[in-house]
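Following: one structure in structure tokens, then a few remarks.
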Amino acid sequence: MKKQVFDLSPGSRVTGKWSGCTYTIIKKVGAGACGTVFLCRSHQGDTYALKLGEDSSRMMLEVNMLKKFSKVQGVKLGPSFVDVDDWVDVSGRTHPFYVMEYVEGTPVTEFLKGKTKDWIGILAIQLLADLENLHKAGFVFGDLKTDNLLVSGSKVRWIDVGGVTAIGRAIKEYTEFYDRGYWNMGSRKAEPTYDLFAVTMIMMEMGHPKRFEKGSHPQKALENKLASSPILKPYRRVIQQCWKGNIQNATQMKDHLSGVLMKRKSPPASSRQRRVHNKKSENVELAALTVASGVFFAVSIVSFFF
Amino acid sequence: MKPGRLKQILLLTDGCSNHGEDPVVVAALARNQGITVNVIGVLDDRQSGKPQGLEEVESIAEAGGGVSQIVYQKSLSQTVQMVTRQAMTQTIQGVVNKELQEILGKKQTIEELPPEQRGEVVEVVDELGESCDLEVLVLVDTSASMHHKLPTVKEALFDLSLSLNARSGSNQFSVYAFPDPKKTITKMVGWTPELGEIHGIFSKLNSGGYTPTGPALKEALYAFAGKPLDERLRNEEDPYEETGF
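Protein chains in written order, with our numbering: chain A, 1 to 306; chain B, 307 to 551.
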């Protein structure tokens, strides 16, 4: 519980007691719930993120998670695991640490500055696509929040897997604002819907960057905040459906959001088209838009180079 | 490994004890009985500077083999569940360390294992924390200075039951308040698996100007000691349940 913040100056060396591997600290990049994260350079000259902590058990559980995710082939479920060891400092104290892939990127809120509200939907869809894979692998992210996300190359990535929990177990790590238990909207059991609620709260935060508290009527507070944000207007229905429990998995929510984005982008369609609007035509529209945006993307890449 | 049953007393207070026996001694006694004592010192949201008399919070928890934390009211909910969980892990780790020492002979603890083995052991500890049964007796200081904090306390207790009931192991909670002019502590909620329905709790309180933390802790111990009777009764029913299908 005692938060220990390490201040290792650039150039300090951290050597593993078991393997003897040495990492040179480049700079501090952040402080998490159970440790401090540094950018470091390995003996071979590669740069990694190094997390130095106090609670050896908790660190080890995180390492186990990272290792598990490296085993899931094809899909990347988190930063790649590199090394785990203990470091004995000059005073003789032992500190557990682990090394993983360094994800470079921009915090979500910063990334969104000056961007259209479509990006809220796009980031949410990206996040849901990753959650889809995670849930399929039998896990729930748990402590899903903007602090744990980075946008790297226009793609959102999560950087801290400390809260990942096997489906069916109890969520141990959470942040009240994103926790459905806090809002009186469900249990703290690790279920896919637990993460979906957190996704809606990340979206809410984009509409209300200052966050807000639950007050005496949590659900009403949420409804009011949702209604009062013009940026969230297009997503209102999806968020409400999620809160009502009508959306049960990441795929469904992703599809709903795609629907919203596609609809908004379609030109003021001719009345004839509107009348025959059915599921099929929606799919055609979707495909056409995908193709169109693909072509646009290709053209823009080409024009970038020439 | 069959998950066992963990017993905890969670003391919520905002000041120093000033009446009766030393709470640190009683906490040590509790620890001997296999009951962990956790203490949370609750500050006013507007309170600033170093609070007085709260050093005791740490000493009691230390003697009781538990976890202590001093928090502002607004983060009470999250702290209550965190302290409870941490103490559970701590207790389980203690048991595992003892086993390790028996197996490996020397003063070996989880932290000193090589990373590979440590990784396996922490999974076992985590699994036990998920599946063990837990009994928490919450002891709330309801002296005058705590009065306006009690709604927050109530909320935090509901939240605690929400967190713990997401586990697969079973939970039993009870809530006692002190001081009580006659019996030292007052039972607010008897043993129950959920703290959801505790409306009206803390509504009819009479408090004097003293804080008998030590005697209250001792009464809490007795309240735990009275428990095995019910358990024995329940255990007698168990065989039927198990062979029932």
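Yeah, the Cβ is synthetic: ideal placement off N, Cα and C, and Gly gets one too.
Since this is a predicted model, take the numbers as computed values, not measurements.
Chain-ordered neighbours of residue i on chain A, where CB pairs are closer than 7 Å
| i | result |
| --- | --- |
| Pro420(B) | Trp18 |
Closest Cα partner of residue i within the set the options
| i | options | result |
| --- | --- | --- |
| Val88(A) | Ile247(A), Met201(A), Gly16(A), Ser216(A) | Gly16(A) |
| Gln528(B) | Ile491(B), Thr517(B), Val348(B), Phe508(B) | For the sequence presented, residue 528(B) should be read as Tyr rather than Gln. Among Ile491(B), Thr517(B), Val348(B), Phe508(B), the Cα nearest to that of Tyr528(B) belongs to Ile491(B). |
| His217(A) | Ile202(A), Tyr182(A), Gly20(A) | Tyr182(A) |
| Gly53(A) | Phe6(A), Val14(A), Tyr23(A), Ser70(A) | Phe6(A) |
| Lys136(A) | Leu144(A), Leu77(A), Leu261(A) | Leu77(A) |
| Tyr98(A) | Asp143(A), Glu110(A), Val84(A), Pro107(A) | Val84(A) |
| Gln471(B) | Phe484(B), Asp351(B), Leu406(B), Glu441(B) | The sequence as given places Asn at residue 471(B); Gln does not occur at that position. Among Phe484(B), Asp351(B), Leu406(B), Glu441(B), the Cα nearest to that of Asn471(B) is on Glu441(B). |
| Glu110(A) | Gly162(A), Glu62(A), Thr24(A), Glu205(A) | Glu205(A) |
| Val82(A) | Gly186(A), Ala49(A), His95(A) | Ala49(A) |
| Leu134(A) | Gln240(A), Thr200(A), Ser70(A) | Ser70(A) |
| Lys233(A) | Gln248(A), Met100(A), Lys117(A) | Lys117(A) |
| Ile239(A) | Gly207(A), Lys263(A), Met262(A) | Gly207(A) |
| Met316(A) | Leu123(A), Asn148(A), Gln248(A) | Only positions 1 to 306 of chain A appear in this structure, which leaves residue 316(A) out of reach. |
| Thr395(B) | Ser469(B), Gly372(B), Val332(B) | Gly372(B) |
| Tyr23(A) | Lys225(A), Asp86(A), Gly35(A) | Asp86(A) |
| Phe38(A) | Met65(A), Cys21(A), Tyr102(A) | Tyr102(A) |
| Ser383(B) | Lys404(B), Gly347(B), Glu368(B) | Gly347(B) |
| Gly138(A) | Gly20(A), Ile26(A), Leu150(A), Asn249(A) | Asn249(A) |
| Ser374(B) | Glu500(B), Thr498(B), Asn344(B) | Asn344(B) |
Residue i: contacting residues in chain B (beta-carbon distance under 9 Å)
| i | result |
| --- | --- |
| Ser57(A) | Thr395, Gln399, Ile416, Glu417, Arg424, Val427, Val428, Val431, Asp432 |
| Met206(A) | Residues of chain B passing the Cβ test: none, with the nearest at roughly 23 Å. |
Neighbour list for residue i in chain B, Cβ cutoff strictly below 7 Å
| i | result |
| --- | --- |
| Asn148(A) | Per Cβ cutoff of 7 Å: no residues; Asn148(A) is ~17 Å from chain B at best. |
| Glu176(A) | Gln384 |
| Lys63(A) | Here residue 63(A) is Val; the residue named in the question, Lys, does not match the sequence. Here the neighbours are Gly425. |
| His201(A) | The question names His, yet the displayed sequence has Met at residue 201(A). None at all; the shortest Cβ gap to chain B is about 16 Å. |
Listed by chain order, chain A residues near residue i by CB distance under 8 Å
| i | result |
| --- | --- |
| Leu468(B) | Gly181, Ser187, Arg188 |
| Glu436(B) | Arg169, Ala170 |
| Arg391(B) | Lys172 |
| Asp465(B) | Gly181, Tyr182 |
Contacts of residue i in chain B (Cβ-Cβ under 8 Å)
| i | result |
| --- | --- |
| Leu52(A) | Neighbours of Leu52(A) on chain B: none; closest Cβ ~14 Å, over 8 Å. |
Residue-level contact to chain D via CB, residue i, 8 Å cutoff
| i | result |
| --- | --- |
| Leu318(B) | Although the question refers to chain D, the structure presented lacks it and instead comprises the protein chains A and B. |
TODO: Assess, as a yes-or-no matter, whether the region 308-327 of chain B is touched by the region 437-457 of chain B under the definition of 3 or more beta carbon pairs within less than 8 Å.
DONE: Touching, yes.
Open item on the list: Assess contact between the region 189-196 of chain A and the region 211-223 of chain A, defined as three or more Cβ pairs (one per stretch) separated by less than 8 Å. Is contact present?
Closed with: Segments in contact, no.
Open item on the list: Ignoring anything shorter than 3 residues, give me the beta strand (DSSP E) runs that lie fully in the region 428-491 of chain B, in order along the chain.
Closed with: The beta strand (DSSP E) runs lying completely inside the region 428-491 of chain B and spanning 3 residues or more are 439-447, 477-486, given in chain order.
TODO: Below 8 Å between beta carbons is the criterion; list the residues of the region 151-170 of chain A that meet it against any residue of chain B, in chain order.
DONE: So the list reads Gly168, Arg169, Ala170, given in the order they occur along the chain.
Open item on the list: Can you confirm whether the region 122-141 of chain A touches the region 249-263 of chain A when touching is taken to mean that 3 or more C-beta pairs between the two stretches lie within less than 8 Å?
Closed with: Yes, the region 249-263 of chain A is in contact with the region 122-141 of chain A.
TODO: Determine which residues of the region 180-198 of chain A have a Cβ less than 8 Å from any Cβ of chain B, and write them out in chain order.
DONE: Within the region 180-198 of chain A, the residues whose Cβ lies closer than 8 Å to some Cβ of chain B are Gly181, Tyr182, Ser187, Arg188, Lys189, Ala190, listed in chain order.
TODO: Kindly confirm or deny that the region 483-501 of chain B and the region 400-417 of chain B touch, where touching means at least three C-beta pairs closer than 8 Å.
DONE: The way I'd put it, the region 483-501 of chain B doesn't touch the region 400-417 of chain B; fewer than three beta-carbon pairs between them come closer than 8 Å.
TODO: Check whether the region 414-427 of chain B touches the region 450-470 of chain B, counting contact only when three or more Cβ pairs, one atom from each stretch, lie closer than 8 Å.
DONE: No contact exists between the region 414-427 of chain B and the region 450-470 of chain B.
Open item on the list: Within 8 Å, do at least three Cβ pairs link the region 141-159 of chain A to the region 428-442 of chain B?
Closed with: With the cut-off at 8 Å, the region 428-442 of chain B and the region 141-159 of chain A do not touch.
Open item on the list: At a CB distance below 8 Å, what residues from the region 468-484 of chain B approach chain A? Give them in sequence order.
Closed with: Taking 8 Å as the Cβ-Cβ cut-off against chain A, the residues of the region 468-484 of chain B that qualify are Leu468, Ser469, Leu470, Asn471, Ala472, Arg473, Ser474.
Open item on the list: Taking beta-carbon pairs under 8 Å, can you tell me which members of the region 73-105 of chain A lie near chain B?
Closed with: Taking 8 Å as the Cβ-Cβ cut-off against chain B, the residues of the region 73-105 of chain A that qualify are Val84, Asp85, Asp86, Thr94, Pro96.
Task: Whole runs of the beta strand (DSSP E) within the region 135-199 of chain A, excluding any shorter than 3 residues - done: Within the region 135-199 of chain A, the runs of beta strand (DSSP E) at least 3 residues long that lie entirely inside it are, in chain order, 149-152, 155-158.
- [ ] At 3 residues or longer, and completely inside the region 95-137 of chain A: list those beta strand (DSSP E) runs for me, N to C.
- [x] Taking only runs of at least 3 residues, no beta strand (DSSP E) segment lies wholly in the region 95-137 of chain A.
Task: Cβ pair count under 8 Å reaching 3, the region 26-39 of chain A against the region 371-391 of chain B - done: A contact between stretches requires three or more CB pairs, one per stretch, nearer than 8 Å, and the region 26-39 of chain A fails this requirement with the region 371-391 of chain B.
Task: Residues, ordered as in the chain, of the region 253-264 of chain A that lie near chain B by beta-carbon distance below 9 Å - done: For the region 253-264 of chain A, there are no residues whose beta carbon sits under 9 Å from a beta carbon of chain B.
- [ ] Spell out a yes or no on whether the region 163-174 of chain A and the region 37-46 of chain A are touching, meaning 3 or more CB-CB pairs, one atom from each, closer than 8 Å.
- [x] Not touching, per the Cβ criterion.
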